[in-house]
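This report concerns only the one structure given below.
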Amino acid sequence: MKNITFPVRDSAAWAASTALHPIDIPPRGAITEIGIRFNATMSGALASGLDYDDGFWRCLSSLSIVGDINHFLSLNGQFAPRMLALLNAYEMHINPGCVLSSWTEANFSFVFHPGCFPHDPFDTSVIIPASKLKEFQVFLTACAADALDSSNTISSGRYYVWVRGVLQPITADHLMPIGHSQILMHTQNDDDYGQKVKLPTQCYLRRILILSQDESSPAVRVDDQIAGLQVKDEELNDILYEARWEDSKTQAAALYGLVGTGWSIEASPYLRGGLPAGFTIIDFRPITGDPRGLNTFGVAESRYRLGLSIKNYTAGDATQLYFDCLKPVPENLID
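First residue of the sequence shown: 1, per our numbering; consecutive thereafter.
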């Protein structure tokens with residue numbers, strides 16, 4: 001067994017609002033961490049920051065990590081990779097934006113760590129089984145030139161990838177990620193969890209990332225559109241999770257040890273009560289007592305549902321969801 005860290009030689013040049021050519025990753029061993037970094041040259045000075053909500057994190061419109069037919073990570077549409085940046089803040093306690101000394105060049109980074117122990121870069125609790133993949137690629141959709149700031153636009157840039165992993169046999173005991181995102185457009189106010197979403201089945205559902213955004217252009221994360229959340233087992237008429245929106249945020253912050261006020265993970269005025277606005281996490285591991293989360297193998301597609309109570313409805317309001325799912329490594333990828 002050997003731990004490995006390496007930069008991927010392939011990279012992708014930024015082209016405004018374009019699906020770029022996939023970045024090829026050498027398929028080596030059990031991959032435990034993948035980093036994506038955007039090196040951007042900006043038209044103006046960065047000293048005053050960026051004026052759009054999540055400005056740094058809008059450098060990617062979409063992000064997918066794919067091996068053959070397996071989608072290990074899919075964050076698609078409306079700058080969904082923001083949810084990965086927020087997860088980095090919650091579980092790794094890192095701010096992915098780093099401004100260089102020239103004030104016109106910056107690096108914005110995202111880290112995908114599928115395992116359960118985010119401070120161990122070689123954590124093999126959940127892996128990407130790369131050694132037998134024929135193709136292993138990162139797919140990116142670049143942002144528009146003005147996606148980060150109203151006046152400080154991107155003039156050029158390039159996306160880079162780095163990888164960490166372990167050279168070891170991949171066995172049937174290993175789990176791999178199969179997470180994906182979904183956009184729920186709000187349609188009306190509802191105070192009884194009336195907006196329903198079927199939860200994924202035939203997997204372990206480890207957690208749900210929830211990002212609430214308004215109708216603005218660009219959309220802003222907000223805390224005043226979701227009143228409450230509920231996860232229900234429809235077959236047993238059993239409520240697995242229920243919380244008011246504000247309480248869900250506090251519960252998630254406490255679970256992950258997030259430091260809020262006094263630690264600038266985002267610029268004012270988007271820091272609400274010390275926690276990131278418009279974002280929470282439902283983690284099924286403490287709910288079920290299973291380190292893999294909620295076991296949905298062999299159940300009906302409509303058994304588990306997420307319900308949202310919506311308030312202050314305006315056309316264009318939306319909730320972005322990321323379902324952090326796991327499944328055993330398939331037989332064809334086992335050594």
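Glycine included, each C-beta is placed from N, C-alpha and C at the ideal position.
All values reported here derive from a predicted model rather than from experimental measurement.
Assigned exposure category for residue i - 16 Cβ within 10 Å defines buried
i: W103; result: exposed
i: A254; result: exposed
i: L167; result: exposed
i: P26; result: exposed
i: G77; result: exposed
i: H180; result: buried
i: I94; result: exposed
i: R292; result: buried
i: N152; result: buried
i: P129; result: buried
i: G194; result: exposed
i: R244; result: exposed
i: P286; result: exposed
i: G273; result: Reliability fails at G273, whose pLDDT of 45 lies under 50, so the model's placement of it is uncertain and no value is given.
i: A252; result: buried
i: P200; result: buried
i: G278; result: buried
Alpha helix (DSSP H) segment containing residue i, residue limits
i: Q251; result: W245 to Y256
Nearest-angstrom Cα separation, counted from residue j out to residue i
i: A318; j: G228; result: 15 Å
i: M42; j: R9; result: 24 Å
i: F122; j: A315; result: 44 Å
i: L87; j: T32; result: 16 Å
i: N189; j: F110; result: 34 Å
i: F336; j: W57; result: No information on residue 336 is available, as it lies outside the stretch 1 to 335 that the chain covers here.
i: C203; j: L84; result: 20 Å
i: L60; j: F136; result: 19 Å
i: A219; j: D53; result: 8 Å
i: E331; j: A172; result: 7 Å
i: P269; j: I334; result: Only weak support exists for where P269 lies, its pLDDT of 37 falling under 50; the value from the coordinates is given anyway. Cα-Cα distance, rounded: 49 Å.
i: L294; j: Y160; result: 34 Å
i: M185; j: K2; result: 46 Å
i: V163; j: N237; result: 44 Å
i: S64; j: P114; result: 13 Å
Assigned secondary structure, residue i (DSSP; H/G/I helix, E/B strand, else coil)
i: T141; result: strand
i: A85; result: helix
i: L333; result: helix
i: T280; result: strand
i: C116; result: coil
i: T171; result: coil
i: Y241; result: strand
i: Y270; result: Confidence at Y270 is low in this model, with a pLDDT of 38, below 50, so its placement is unreliable and no value can be given for it.
i: W57; result: helix
i: G262; result: Low local confidence applies: a pLDDT of 41 at G262 is under 50, so the model's placement there is unreliable, and no value is given.
Range of the contiguous beta strand (DSSP E) that encloses residue i
i: R37; result: A30 to M42
i: A227; result: I226 to D233
i: C203; result: Per DSSP, C203 belongs to no beta strand (DSSP E) and is neither H nor E.
i: N70; result: N70 to L75
i: P328; result: A318 to P328
i: T5; result: K2 to P7
i: S17; result: Here S17 belongs to no beta strand (DSSP E), and DSSP marks it neither H nor E.
i: G179; result: G179 to M185
i: R305; result: Y304 to I310
Contact belief for residue i with residue j at Cβ below 8 Å, rounded distance in angstroms
i: F72; j: M176; result: 7 Å
i: T18; j: A142; result: 5 Å
i: A89; j: P276; result: 7 Å
i: D214; j: Q225; result: 7 Å
CB contact below 8 Å: residue i versus chain D
i: G115; result: Absent here is chain D; the protein component of the structure consists of one chain.
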